[in-house]
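The structure appears right after this line, and notes come after that.
Protein chains: 2
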Amino acid sequence: MNKAPSFVPQERGPSDHDVRTQIVEAATEHFSHFGYEKTTVSDLAKAIGFSKAYIYKFFGSKQAIGEVICSGCLTTMMTAVGEAISDAPTASERLRRMFRALVKAGSDLFFHDRKLYDIAAAAASGPWPSVQAYEEHIKQLITEIIVEGRDSGEFERKTPLDETANAIYLVMRPYVNPLLLQHSLDLAAEAATRLSGLVLRSLAP
Amino acid sequence: MNKAPSFVPQERGPSDHDVRTQIVEAATEHFSHFGYEKTTVSDLAKAIGFSKAYIYKFFGSKQAIGEVICSGCLTTMMTAVGEAISDAPTASERLRRMFRALVKAGSDLFFHDRKLYDIAAAAASGPWPSVQAYEEHIKQLITEIIVEGRDSGEFERKTPLDETANAIYLVMRPYVNPLLLQHSLDLAAEAATRLSGLVLRSLAP
């Protein structure tokens with residue numbers, strides 16, 4: 001359950017790894033300076049010295065390039081969460097660590113590098129497939145932790161599993177979704193503790 | 001406990017009710033068209049036909065005018081919440097109705113009239129005193145409901161009262177704060193139900 005998935009979208013056109021990497025790196029640089037929303041594929045082409053048509057051989061749209069950058073961030077975040085929870089001794093502790101790690105990873109990645117924030121915002125607004133996959137992965141992790149805690153007798157078993165998992169996901173969502181997290185940064189660390197406590201009380205058998 | 005408080009800030013200068021009302025009405029109209037952020041007190045003065053100095057006799061700043069508009073909205077919202085919970089038969093039901101009414105009042109007031117949204121956003125970003133008073137009032141309502149439920153034996157009494165109240169406030173916050181609610185409108189109604197369920201499970205004795 002702790003293996004972080006890759007959210008990299010399907011490739012298009014010639015699978016020339018180096019060219020793709022070159023485009024993504026240049027785009028990351030360009031987006032950081034001028035913002036994702038304001039940058040066009042033409043701007044990127046000019047900056048890299050490629051033709052627009054050549055870029056379109058590798059990526060179907062600007063969003064497809066943004067998706068690769070976004071996917072990289074999300075994979076890093078899920079790896080951090082996976083590592084944080086891997087050796088938790090109980091399901092309760094796993095849930096606590098998961099919440100804390102999500103808040104930390106989100107704050108670190110998106111807000112220590114404010115310049116990439118508008119890619120995150122665009123991705124969450126869409127929502128882009130990478131973000132949907134990320135949210136599904138978090139829901140899946142929550143479900144696995146609940147099942148583990150039910151099996152070990154730590155958690156109650158009366159409430160339907162999906163109802164419990166969805167409700168817990170809703171509690172975590174404001175600290176996972178960057179559009180929401182930006183308005184909660186100053187209280188996020190305390191919220192992770194307080195809300196974990198509330199969620200664990202709700203799971204008591 | 002169900003009396004909605006008034007969040008109207010202190011008046012300044014001559015307490016000529018009609019002139020104040022006239023300024024607030026003109027400002028509401030002006031903000032609706034041009035946005036709160038983009039409007040200056042000079043713009044307002046020109047639009048109403050008053051001198052800037054005359055407006056400053058009644059309001060110390062643009063924010064002071066915005067506060068009156070914002071306070072009016074918040075008072076309406078708290079009245080709606082107060083009415084929704086007044087005849088609830090149990091503390092559990094009162095909590096459920098409070099959550100539902102907060103979501104409904106927030107959605108109705110701020111999002112059916114999108115034009116006034118940027119006052120709400122400015123007020124929540126500040127946060128303005130009216131918003132802080134509103135949040136305190138909600139925390140107070142939550143505390144009263146918990147005490148009621150503890151007294152009647154519906155809720156557990158082990159967790160410190162303020163810890164329980166703060167955690168429940170954090171669960172509700174994304175649906176109360178307009179900066180957050182704007183990103184949760186499509187799932188707000190279902191969230192109110194699901195999260196009330198989770199919170200009530202966490203309160204079980």
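Quick mapping for you: the protein sequence lines, in order, are chains E and Z. To convert, note that position 110 of the first sequence is 110 in full-length UniProt numbering; the numbers rise steadily by one, no gaps. To convert, note that position 60 of the second sequence is 60 in full-length UniProt numbering; the numbers rise steadily by one, no gaps. All C-beta atoms, glycine included, are put in the ideal place defined by N, C-alpha and C.
Taking the C-alpha atoms as reference points, what is the distance between residue i and residue j?
i        : j        : result
E:Leu185 : Z:Thr79  : 30 Å
Z:Asp55  : E:His183 : The residue you asked about is not Asp; residue 55 of chain Z is Ile in the sequence shown. Approximately 33 Å between the Cα atoms of the pair.
E:Leu170 : E:Ser152 : 24 Å
E:Phe34  : Z:Leu203 : 49 Å
Z:Thr21  : Z:Ala133 : 22 Å
Z:Val81  : E:Pro129 : 38 Å
E:Glu135 : E:Gly72  : 15 Å
Z:Phe164 : E:Glu163 : Here the sequence assigns Thr to residue 164 of chain Z, which means Phe is not the residue at that position. Between Z:Thr164 and E:Glu163, the C-alpha separation is close to 22 Å.
Z:Glu148 : Z:Arg201 : 16 Å
E:Leu95  : E:Ile146 : 9 Å
E:Ile23  : E:Ala53  : 13 Å
E:Arg194 : E:Arg97  : 13 Å
Z:Thr90  : E:Leu161 : 27 Å
Z:Glu156 : Z:Arg150 : 6 Å
E:Ala189 : E:Val176 : 12 Å
Z:Tyr117 : Z:His137 : 22 Å
E:Thr75  : E:Leu109 : 11 Å
Z:Thr159 : Z:Glu144 : 15 Å
E:Asp18  : Z:Ser61  : 57 Å
E:Ser196 : E:Val103 : 12 Å
Would you call residue i buried or exposed, if buried means 16 or more other Cβ atoms sit within 10 Å of its Cβ?
i        : result
E:Glu154 : buried
Z:Pro14  : In this prediction, Z:Pro14 scores a pLDDT of 49, lower than 50, which makes its location untrustworthy; no coordinate-derived value is stated.
Z:Pro174 : buried
Z:Pro178 : buried
Z:Thr28  : buried
E:Met1   : Only weak support is given to the placement of E:Met1: the predicted model assigns it a pLDDT of 45, under 50, and the value that follows is read from those uncertain coordinates. E:Met1 is exposed by the Cβ-count criterion.
Z:Thr40  : exposed
Z:Gly66  : buried
E:Leu181 : buried
Flag this pair as yes or no: are the beta carbons of residue i and residue j separated by less than 7 Å?
i        : j        : result
E:Ala84  : E:Ala101 : yes
E:Ala192 : E:Phe99  : yes
E:Met77  : E:Ala120 : no
E:Leu198 : Z:Ala167 : yes
E:His30  : E:Ala45  : no
Starting from the Cα of residue i, find the closest Cα among the options and give me that residue.
i        : options                               : result
E:Val131 : E:Gln63, E:Val24, E:Asp162            : E:Gln63
E:Ile142 : E:Pro205, E:Asp118, E:Glu93, E:Ala189 : E:Glu93
Z:Glu37  : Z:Pro160, Z:Pro205, Z:Ser125          : Z:Ser125
Z:Lys139 : Z:Pro127, Z:Met172, Z:Thr159          : Z:Met172
Contiguous alpha helix (DSSP H) assignments of at least 4 residues, all confined to the region 127–171 of chain Z: 129–151
Continuous beta strand (DSSP E) assignments of at least 3 residues falling wholly in the UniProt DNA-binding region "H-T-H motif" (40–59) of chain Z: none
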